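Student: Residue numbers (the UniProt record's numbering), protein chains in the order written: chain A, 1 to 216; chain B, 1 to 216.
Cβ atoms here follow ideal geometry from the backbone N, Cα and C, with glycine treated the same way.
Fair warning: this is a prediction, and the values are worked out from it, not measured in the lab.
Please see the structure below; I have some questions.
There are 2 protein chains.
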Amino acid sequence: MSQDKPVSVSHPTIRRLPAYLNILRKAQDENKTHISSTFIADKLGYEPIQVRKDLAGLGITGQAGVGFDAAELIDAILGFLGWDNATDAYLIGAGNLGSALAGYKGFKDYNLNILACFDSDLRKVGTEIHGKKVFGMERLAELIERTGVNIAILTLPDKAAQEITDKIVEAGIRAIWNFTTVKLDVPDGVIVERVDLAASLALLSRRTAEAMKNDK
Amino acid sequence: MSQDKPVSVSHPTIRRLPAYLNILRKAQDENKTHISSTFIADKLGYEPIQVRKDLAGLGITGQAGVGFDAAELIDAILGFLGWDNATDAYLIGAGNLGSALAGYKGFKDYNLNILACFDSDLRKVGTEIHGKKVFGMERLAELIERTGVNIAILTLPDKAAQEITDKIVEAGIRAIWNFTTVKLDVPDGVIVERVDLAASLALLSRRTAEAMKNDK
Chain A
1 MSQDKPVSVS HPTIRRLPAY LNILRKAQDE NKTHISSTFI ADKLGYEPIQ
51 VRKDLAGLGI TGQAGVGFDA AELIDAILGF LGWDNATDAY LIGAGNLGSA
101 LAGYKGFKDY NLNILACFDS DLRKVGTEIH GKKVFGMERL AELIERTGVN
151 IAILTLPDKA AQEITDKIVE AGIRAIWNFT TVKLDVPDGV IVERVDLAAS
201 LALLSRRTAE AMKNDK
Chain B
1 MSQDKPVSVS HPTIRRLPAY LNILRKAQDE NKTHISSTFI ADKLGYEPIQ
51 VRKDLAGLGI TGQAGVGFDA AELIDAILGF LGWDNATDAY LIGAGNLGSA
101 LAGYKGFKDY NLNILACFDS DLRKVGTEIH GKKVFGMERL AELIERTGVN
151 IAILTLPDKA AQEITDKIVE AGIRAIWNFT TVKLDVPDGV IVERVDLAAS
201 LALLSRRTAE AMKNDK
């Protein structure tokens, strides 16, 4: 296995890395030390060439007949994604979805640590949600500046999304995981990734209705 | 406002409809009866022409100087997406993410009703999660056939995803909202929409690391 400096890696490749990570970790749990691109591809329904290309993009090539060293590959993926160290994040908006995410234990697989929650509802302020303290929105800027937290998970109502974004970016937030339906306006250098559950459900619903109409 | 038979509507347009729906419902709550494409566009950070094109695709055009009739537009979007009637779904895999989604009240905005949960963990079977009963996996096929539920929300571990998919599709499931990282193999006519939280977080993490490196 050789590992050179990674060049530019495509977004689709980056999106597939967590799936590879899951397979590799499971293989390790089963005491496998080496794993082939065919094995990974089979588990995920990809073509083996896809897996090899993706990992080559990270500067990693397997050994013929032996495959990839699982431990090395896990380290390489974690390092590439910056998941080798715990990353603190603030969760903003402790409503239904926010509370669900605050309690989602799967984030620990990716070393994402929700440090605290923020909400404008005074009945929630001072309480804890899944062990995370809830602060009022007026503490946001101060706590971002003081703790140096870079990542915000935005689970607040759409109407407040842009205003709060402006405030947290000014305070030093560099990355926003946006669960609202708003297309946020941010300065260059601030990263936004949106997860739009409603959009996904809309597509599922409409495509299903069309497919079922075709049955008749 | 005229409303003709919708022709083919693009996936990006369908994905934007829930955001329009949110804006329209909020406007109604504030006793606005009419709403302009510029207003909708402003709230979402889109161009007004985009909003007009999207809605024209559904066969809806606003009235010059007056805008869209909010109530009619809401009905048209709900009808188009099949969200005008409650849709029952089964949630399969009552782990962390599954439990969070079972308790997510936001789905009621889209008339999605999680009827029950299924899990292979015998300690969970027979209990309730957020008021939804948990059944054992051996009841899946029977209950899908008996109730005629079409939609499954898949929140189980990757390794079980394809096997359970084969089973539920055979029993009659027509649409799968896939929260696993597995690319599922399904027969023609069965719809799969995947929400890959880990993929989104991977992209956020890597892009942020790159942006912060550029600062130095």
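For chain B, is any of its Cβ atoms less than 8 angstroms away from the one on Thr165 (chain A)?
Tutor: Cβ-Cβ to chain B under 8 angstroms: no for Thr165 (chain A).
Student: Could you tell me if Lys187 (chain B) is buried or exposed, where buried requires 16 or more neighbouring beta carbons within 10 angstroms of its beta carbon?
Tutor: Correcting the residue identity first, residue 187 (chain B) is Pro in this sequence and not Lys. Pro187 (chain B) comes out exposed.
Student: Nearest CA to the CA of Ala141 (chain B): which residue from B:Pro18, B:Ile164, B:Val125, B:Gln63?
Tutor: The candidate whose alpha carbon is nearest that of Ala141 (chain B) is B:Ile164.
Student: In the structure shown, what three-state DSSP assignment does Tyr90 (chain B) receive?
Tutor: Reduced to three states, the DSSP call for Tyr90 (chain B) is strand.
Student: Does Ala211 (chain A) have its Cβ less than 8 angstroms from a Cβ in chain B?
Tutor: For Ala211 (chain A), the answer is yes, since a Cβ of chain B falls inside 8 angstroms of its Cβ.
Student: Rounded to whole angstroms, what's the CA-CA distance from Gln162 (chain B) to Pro48 (chain A)? Just pull it up for me.
Tutor: Using only the alpha carbons, I get a separation of about 18 angstroms.
Student: For residue 227 (chain A), list the residues DSSP reports as bridge partners.
Tutor: Nothing about residue 227 (chain A) can be reported from this structure: the residues present for chain A run from 1 to 216 only.
Student: For Glu210 (chain A), does the three-state DSSP call read helix, strand or coil?
Tutor: Correct three-state label for Glu210 (chain A): helix.
Student: DSSP on His11 (chain A), reduced to helix/strand/coil?
Tutor: Helix.
Student: Does the beta carbon of Glu145 (chain A) come closer than 8 angstroms to any beta carbon on chain B?
Tutor: No, no contact with chain B.
Student: So the alpha helix (DSSP H) Ile49 (chain B) belongs to, where does it begin and stop?
Tutor: Unbroken alpha helix (DSSP H) run through Ile49 (chain B): 48-57.
Student: What's the gap between the Cα of Glu30 (chain A) and the Cα of Glu138 (chain A)?
Tutor: Taking the straight line joining both Cα atoms gives about 48 angstroms.
Student: Counting only the same chain and skipping the five closest in sequence on each side, list residues whose C-beta sits under 6 angstroms from that of Lys133 (chain B).
Tutor: Here the set comprises Ala116.
Student: Taking the alpha-carbon positions, what's the Arg16 (chain B) to Asn178 (chain A) distance?
Tutor: Roughly 15 angstroms separates the two Cα atoms.
Student: Counting beta carbon pairs with one atom in the region 98-112 of chain B and one in the region 124-132 of chain B, are three or more of them shorter than 8 angstroms?
Tutor: Yes: the two stretches touch, three or more of their Cβ pairs being nearer than 8 angstroms.
Student: Find the nearest neighbour of Ala70 (chain A) within the set A:Thr87, A:Ile40, A:Leu44, judged by alpha-carbon distance.
Tutor: Measuring from the Cα of Ala70 (chain A), the nearest candidate turns out to be A:Ile40.
Student: Report the rounded CA-to-CA distance for Thr61 (chain A) versus Lys53 (chain A), giving the unit in angstroms.
Tutor: The alpha-carbon atoms of Thr61 (chain A) and Lys53 (chain A) are separated by roughly 9 angstroms.
Student: Please name the residue or residues paired with Trp177 (chain A) in a DSSP beta bridge.
Tutor: A:Ile153, A:Glu193, per the DSSP bridge assignment.
Student: Beta-carbon within less than 8 angstroms of Val170 (chain B)'s beta-carbon, same chain only, minus the 5 sequence neighbours each way: which residues are those?
Tutor: Strictly speaking, residue 170 (chain B) in this sequence is Glu, with Val absent from that position. Only Ala141 meet the Cβ criterion.
Student: Considering just the uninterrupted stretch of the alpha helix (DSSP H) at Lys32 (chain A), what are its terminal residues?
Tutor: Neither: Lys32 (chain A) is in no alpha helix (DSSP H) and is coded neither H nor E.
Student: Starting from Val134 (chain A), follow its DSSP beta bridges and name the residues at the other end.
Tutor: Looking at the DSSP assignment, Val134 (chain A) forms a beta bridge with A:Cys117.
Student: Leaving out five residues on either side along the sequence, give the residues of the same chain with a beta carbon under 7 angstroms from the beta carbon of Leu204 (chain B).
Tutor: No residues qualify anywhere along the chain.
Student: Note down, in chain order, every chain B residue with its Cβ under 7 angstroms from the Cβ of Ala19 (chain A).
Tutor: Residues of chain B passing the Cβ test: Thr181.
Student: Just the Cα atoms here: how many angstroms apart are Thr208 (chain A) and Val190 (chain B)?
Tutor: Cα to Cα, Thr208 (chain A) sits roughly 8 angstroms from Val190 (chain B).
Student: At the 8 angstroms Cβ level, is Thr61 (chain A) part of the contact set with chain B, yes or no?
Tutor: No, Thr61 (chain A) lies away from the interface with chain B (no Cβ there is under 8 angstroms from its Cβ).
Student: Using the Cα positions of Ala19 (chain B) and Glu193 (chain A), report the straight-line distance between them to the nearest angstrom.
Tutor: Cα to Cα, Ala19 (chain B) sits roughly 17 angstroms from Glu193 (chain A).
Student: Give a yes or no on whether 8 angstroms exceeds the smallest Cβ distance from Ile193 (chain B) to chain A.
Tutor: The sequence given here places Glu at residue 193 (chain B); Ile does not occur at that position. Closer than 8 angstroms: yes.
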